[in-house]
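Under full-length UniProt numbering, the first residue of the sequence shown is numbered 1, with each subsequent residue one higher.
Think of the CB as a built atom: it goes at the ideal place given N, C-alpha and C, for glycine as much as any other residue.
Here's the structure we're looking at; comments come further down.
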Amino acid sequence: MWIDCRTIARSIEERTKERVEKLGFTPKLVSVACTDDPSALSYLKSQRKKAEKLGIAFEILNVSPEEIVSTLKKLGSDESVNGVFVARPFPPSFDEKEILSSVPVEKDVEGVNPANLGLLLYDEEIFPPCTAEAAVRILERETNLSGKRVTVVGRSVTVGKPLALMLLKKGRDATVTVCHSRTVNLEEITKNSDIVVVAVGRAHFLKKNMVKEGAIVIDVGINYVDGKLQGDVDPSVEEIARVTPVPGGVGQVTTALLFEHVVRAAERQRK
């Protein structure tokens, strides 16, 4: 059975619009890009459409790789800007950690600055990574996480690691296993899990025989196969488990949360 993520995204967007109206001013998001990656540029275009729908001002700054750090620092002191997003991928020769550390902490709506990531260790989710938070929001809608055995396949800084911390948070209290490319007996681990989250970037990686009947499966994968968007979960898994679709699943909730974070940033900056 497919999990209805569109309803979750719409609910977040409706509340975001209400909060925008209460602000008394128009919040602004600036997305900084130093890439010509087609999928990244396509996502920025979709951000513009969503911002217009929600009543949020939006601007794309195209900069050279050499300008990105200084641009991010300038945006930190620009009082007209409430949220800052930085598009990836970065040029291979550039230090990703240095770039992400330059995103203003109080405007870090994607939750990429190491300072905001570090707060997750203390159960503080001021600006958590949007994709990880999307997975949590979907799971909280579907089940009570307390005591559930959750396997996260993938240990990236943007999804796997922060998601594990968020699931462990007091009040959620999931029992979390993080797996990766060196994990032994992965199938045995996933098949004994109530929930499986897959974020490995390999189309149809998670097969039906790797999931127990009645499990919840969150598919974070984005893969293009023959020009079509595919997830990390094989379609056959849907026959025995509740699965988020791709497209129309985690990605929709992620984008909705990005703009919720813009409004949160604006509210915090106004105080």
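For Ala87 versus Val253, is the C-beta distance shorter than 8 Å?
Locating residue 87 in the sequence shown gives position 87, where the first residue counts as 1. Locating residue 253 in the sequence shown gives position 253, where the first residue counts as 1. No. Outside cutoff.
Helix, strand or coil: how does DSSP classify Asn209 here?
By one-based count along the sequence shown, residue 209 stands at place 209. Asn209 falls in the helix class under three-state DSSP.
According to DSSP, is Arg182 helix, strand or coil?
Against the sequence shown, residue 182 aligns to sequence position 182. In this structure, Arg182 counts as coil in the three-state DSSP scheme.
For Gly154, count neighbouring C-beta atoms within 10 Å of its own C-beta (all shown protein chains included) and say buried if the count is 16 or more, exposed if not.
Counting from 1 along the sequence shown, the entry for residue 154 is found at position 154. Under this definition Gly154 is a buried residue.
According to DSSP, is Thr143 helix, strand or coil?
Mapped onto the sequence shown, residue 143 falls at position 143. If DSSP states are grouped into helix, strand and coil, Thr143 belongs with coil.
Report the option in Lys170, Val152, Pro162 and Leu186 whose CA atom is closest to the CA atom of Val176.
Working through the sequence shown from its first residue, we reach residue 176 at position 176. Nearest option by C-alpha distance: Val152.
Report the option in Val250, Glu67, His204 and Asp173 whose CA atom is closest to the CA atom of residue 274.
In this structure the chain extends from 1 to 271, so residue 274 is not present and cannot be described.
So is Val86 in contact with chain B if we call contact Cβ pairs under 8 Å?
Considering every chain present, this structure includes no chain B. It has just one protein chain.
Pick helix, strand or coil for Phe94, following the three-state DSSP scheme.
Along the sequence shown, read from residue 1 onward, the residue named residue 94 stands at position 94. If DSSP states are grouped into helix, strand and coil, Phe94 belongs with coil.
To which residues of the same chain is Val246 closer than 7 Å at the C-beta, ignoring the five residues directly before and after it?
What you label residue 246 is simply residue 246 of the sequence shown in a count that begins at 1. Asp219, Gly221, Leu229, Gln230 and Gly231, listed in sequence order.
Measuring only the C-alpha atoms, how far is Ser31 from Lys53?
One-based indexing of the sequence shown puts residue 31 at position 31. One-based indexing of the sequence shown puts residue 53 at position 53. Cα to Cα, the separation comes out at about 17 Å.
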